[in-house]
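Trainee: Dumping the structure here so I can ask a few things about it.
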Amino acid sequence: MFKLLDSSARQVLIELDGAEVSVPADISVAAALLYLDCLPLRHSAISGAARAPFCMMGICFECLVEIDGDRDQRACQLMVRPGMRLRRQLAPAQGAGA
Amino acid sequence: MSGFDYQLLVIGAGPAGMAAAQTAARHGVEVTVIDEQANPGGQIYRNVDASPLADIGLLGKDYVFGRQLVQGFRHAPIDYHANSALWYLDSSGELGIVEEGVHHSARAQSIVIACGAQERPMPFPGWDKAGVMTAGAGQILMKSAAMVPAQAPVLAGSGPLLLLLAWQYLRAGLKIRALVDTSPRGVHWSALRHMPSALAAGDYLFKGLQLVTAIKRARVPWYRGADNLCAEGDERLAAISFDCSGKKHRIETPLLMVHQGVIPSTQVTAAAGCETEWNEAQQCWHPSVDDWGESSQPGIFVAGDAAGIAGARAAWLSGQLAGLQVARQLRRLEPVQRDRLALRIRNARARHLSIRPFLDRYYRLPDAALIPRDETLACRCEEVTVAEIRALAAAGCSGPNQAKAFTRCGMGPCQGRFCGSTVEQIFARETATSPQQVGCYNVRPPLKPVTLGQIAKKENQNE
Numbered sequence: 005m006f007k008l009l010d011s012s013a014r015q016v017l018i019e020l021d022g023a024e025v026s027v028p029a030d031i032s033v034a035a036a037l038l039y040l041d042c043l044p045l046r047h048s049a050i051s052g053a054a055r056a057p058f059c060m061m062g063i064c065f066e067c068l069v070e071i072d073g074d075r076d077q078r079a080c081q082l083m084v085r086p087g088m089r090l091r092r093q094l095a096p097a098q099g100a101g102a
Numbered sequence: 141m142s143g144f145d146y147q148l149l150v151i152g153a154g155p156a157g158m159a160a161a162q163t164a165a166r167h168g169v170e171v172t173v174i175d176e177q178a179n180p181g182g183q184i185y186r187n188v189d190a191s192p193l194a195d196i197g198l199l200g201k202d203y204v205f206g207r208q209l210v211q212g213f214r215h216a217p218i219d220y221h222a223n224s225a226l227w228y229l230d231s232s233g234e235l236g237i238v239e240e241g242v243h244h245s246a247r248a249q250s251i252v253i254a255c256g257a258q259e260r261p262m263p264f265p266g267w268d269k270a271g272v273m274t275a276g277a278g279q280i281l282m283k284s285a286a287m288v289p290a291q292a293p294v295l296a297g298s299g300p301l302l303l304l305l306a307w308q309y310l311r312a313g314l315k316i317r318a319l320v321d322t323s324p325r326g327v328h329w330s331a332l333r334h335m336p337s338a339l340a341a342g343d344y345l346f347k348g349l350q351l352v353t354a355i356k357r358a359r360v361p362w363y364r365g366a367d368n369l370c371a372e373g374d375e376r377l378a379a380i381s382f383d384c385s386g387k388k389h390r391i392e393t394p395l396l397m398v399h400q401g402v403i404p405s406t407q408v409t410a411a412a413g414c415e416t417e418w419n420e421a422q423q424c425w426h427p428s429v430d431d432w433g434e435s436s437q438p439g440i441f442v443a444g445d446a447a448g449i450a451g452a453r454a455a456w457l458s459g460q461l462a463g464l465q466v467a468r469q470l471r472r473l474e475p476v477q478r479d480r481l482a483l484r485i486r487n488a489r490a491r492h493l494s495i496r497p498f499l500d501r502y503y504r505l506p507d508a509a510l511i512p513r514d515e516t517l518a519c520r521c522e523e524v525t526v527a528e529i530r531a532l533a534a535a536g537c538s539g540p541n542q543a544k545a546f547t548r549c550g551m552g553p554c555q556g557r558f559c560g561s562t563v564e565q566i567f568a569r570e571t572a573t574s575p576q577q578v579g580c581y582n583v584r585p586p587l588k589p590v591t592l593g594q595i596a597k598k599e600n601q602n603e
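Structure, rendered in structure tokens:
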């Protein structure tokens, strides 16, 4: 959904929902997930509605993901690190446990 | 023993915070600055001296201007803490800060709150869908990650930032699929009476004209006076629809970027117990401050857009004024020195402020436009619709804070940042009063996430 203006940027390997993927280094987790085009990031607790990054400045709390085992982390406020384990907070029907 | 951990604590390292810190430090005040980002600059000058972009000129001269401000700040004798968030502040000046996941509490003799602004929520049916983002988010992706939409995006709403984003995307070589302009037709003419004062800040007008000309020249489909915007899609955004010139339009798109102006971030000032007032021209709340930016709480100042929307250049100057008065209160400056230094700053600031009445009027939304259709989610977090809030108001619910208790609106993780303005407008209309009379949400900590583990760890480590 988003692309890099300079495609030669350094890449790092992270884990997303159990699979290894390559993303640009030195960007936020939310930016990396938009780069991978893997929307939505979660289903809401109330109705199960699909949600994804909205404000990118840490105030809307729509981009919550599980990072290294900790749930509900704001993806827009944390930078990607090599080996980081990300898990989208999807409803079970959507295959979150895969 | 003074009992204070900081002489001056500045919250936020955007233009206002940087200026307040530098000014106070120049006069011998010991200054600490905390900021949530990794680099100084605020959202407006985000990453300006640490950019992943090959050429920051892509974003325009106003952004590049920030580089000298950030570099000056970096070289000043200031104790600057990046990646640090304020999660607690009360009217006694007691603070809680989380820095890189570690919590500590503190007290400050003087505080400058320079938390800037946030985008005014723009609720419409489907605004919570994955693939709908704010224009500010689009800018942050450019400034912090050198990322732009992979396909031509649709932009919708109104306000200078929407046009700026379109202009920046065009400069980056992108196409804009459509510009869905929701400012009502005719509203712009009423701004003309403010034109004489706006001419004193002609550079703002010139810049606006440049943006409009470039967007027209690129033949971006520009739907003026659009209404009834709606986002469709299940797991992610599939299409948007809207009415324009009596016709229905539908555009398939995976990405919609929305914007309808900015409003002050009032969470921190509200938590500190600063009195707030309703600004009818800007249709928002802001803390009441004196000529130096001091709030109703002695020793707590508010500088920049957090005290009312005036833009980055005015924010820089209001930060300087706050810094001078802090230095005066801490006996580092005589009143006569302070006033002499303030004169030039006030004159420069007045010039930047002279454009505001025009801009406020030009981009003003009719109050009715701030109340979305019934099926719209007013509160995204707790999924409370506009219809539910209206029904509560009609049934005699006393206002936004009681509506919280009945529906949980404003009680989710965003803490009312994206529903407060909508809920106030609904109550104002349903009770035929104004937001000033309706009031706003009470704010309670934590202002930003902190875990019990982080707080407990700190307590255990006390020497």
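Which chain is which? The protein sequence lines are C and L, in order.
Start counting the first sequence at 5; every next residue gets the next number (my numbering).
Start counting the second sequence at 141; every next residue gets the next number (my numbering).
In this text, a Cβ means the ideal position worked out from N, Cα and C, and glycines have one as well.
#1: Starting from H492 (chain L), trace the alpha helix (DSSP H) both ways and give me its first and last residue.
#2: According to DSSP, is Y309 (chain L) part of a helix, a strand, or is it coil?
#3: According to DSSP, is P155 (chain L) part of a helix, a strand, or is it coil?
#4: Quick one, which of L:Q279, L:W227 and L:Y363 has its alpha-carbon nearest A411 (chain L)'s?
#5: Report the partner residues of R91 (chain C) according to the DSSP bridge assignment.
#6: Is DSSP giving G373 (chain L) helix, strand or coil here?
#7: Report yes if the C-beta distance between S381 (chain L) and K388 (chain L) is below 8 angstroms; otherwise report no.
#8: So, with DSSP's three-state summary, where would you put I18 (chain C)?
#9: With distances taken between CB atoms, is the gap from R14 (chain C) to A29 (chain C) smaller than 8 angstroms?
#10: At 7 angstroms on the CB atoms, spell out the chain L contacts of I63 (chain C), in chain order.
#11: With a threshold of 8 angstroms between beta carbons, is A596 (chain L) in contact with chain C?
#12: At a Cβ threshold of 8 angstroms, is S224 (chain L) touching chain C?
#13: So D10 (chain C) contacts chain L; which residues on that side make the cut at Cβ distance below 7 angstroms?
#14: Taking 8 angstroms as the threshold (C-beta atoms), are S284 (chain L) and N223 (chain L) in contact?
#15: For the segment 348 to 378 of chain L, which residues have a CB atom closer than 8 angstroms to at least one CB atom of chain C, in sequence order?
#16: Hey, could you find the ends of the alpha helix (DSSP H) E570 (chain L) is sitting in?
#17: Between L510 (chain L) and Q423 (chain L), is the Cβ-Cβ spacing less than 8 angstroms?
#18: Hey, does M273 (chain L) have any beta-carbon neighbour from chain C nearer than 8 angstroms?
#19: When you compare the segment 491 to 498 of chain L with the segment 341 to 351 of chain L, are there three or more beta-carbon pairs, one atom per stretch, that lie closer than 8 angstroms?
#20: Leaving out the 5 sequence neighbours to the left and right, which residues in its chain are closer than 8 angstroms to D507 (chain L) when beta-carbon positions are compared?
#21: Of the residues C:L9, C:D21, C:R85 and C:I63, which one's Cα is nearest the Cα of E70 (chain C)?
#22: Counting only beta-carbon separations shorter than 8 angstroms, does I253 (chain L) have a partner in chain C?
#23: I'd like to know whether the C-beta atoms of L457 (chain L) and A488 (chain L) end up nearer to each other than 8 angstroms.
#24: Going by DSSP, name the residue or residues bridged to G143 (chain L).
#25: Looking at chain C, is there any beta carbon in it that lies within less than 8 angstroms of the beta carbon of C621 (chain L)?
#26: Going by beta carbon distance, what residues of the same chain come within less than 7 angstroms of L209 (chain L), once the five residues before and after it are set aside?
#27: With distance defined between alpha-carbon atoms, name the residue in L:C519, L:S538, L:G539 and L:T571 nearest to F65 (chain C).
#28: Output, in sequence order along the chain, the residues in the segment 520 to 547 of chain L whose CB is closer than 8 angstroms to any CB in chain C.
#29: Rounded to whole angstroms, what is the Cα-Cα separation between Q555 (chain L) and V583 (chain L)?
#30: So which residues of chain L does D30 (chain C) contact, with C-beta pairs closer than 7 angstroms?
#31: Assuming L295 (chain L) and L302 (chain L) make a contact with CB atoms under 8 angstroms, what is their CB distance in whole Å?
#32: In angstroms with no decimal places, state the Cα-to-Cα distance between L483 (chain L) and F441 (chain L).
#33: Could you tell me which uninterrupted beta strand (DSSP E) segments, each at least 3 residues in length, are contained entirely in the segment 184 to 227 of chain L, listed from first to last along the chain?
#34: Mapping the DSSP letters down to three states, classify Q77 (chain C) as helix, strand or coil.
Mentor: The relevant details are as follows:
#1: P475 to L493
#2: helix
#3: helix
#4: L:W227
#5: C:E70
#6: strand
#7: yes
#8: strand
#9: yes
#10: Q258, C554 and R557
#11: no
#12: no
#13: A194 and A286
#14: no
#15: D374, E375 and R376
#16: G560 to E570
#17: yes
#18: yes
#19: yes
#20: Q423, Q565, A568 and R569
#21: C:D21
#22: no
#23: yes
#24: Answer is none; G143 (chain L) lacks a bridge partner.
#25: Examination of residue 621 (chain L) is not possible in this model, given that chain L is present from 141 through 603 alone.
#26: P155, M158, Y185 and W456
#27: L:C519
#28: R520, C521, E522 and E523
#29: 8 angstroms
#30: P192
#31: 6 angstroms
#32: 19 angstroms
#33: 219 to 221
#34: strand
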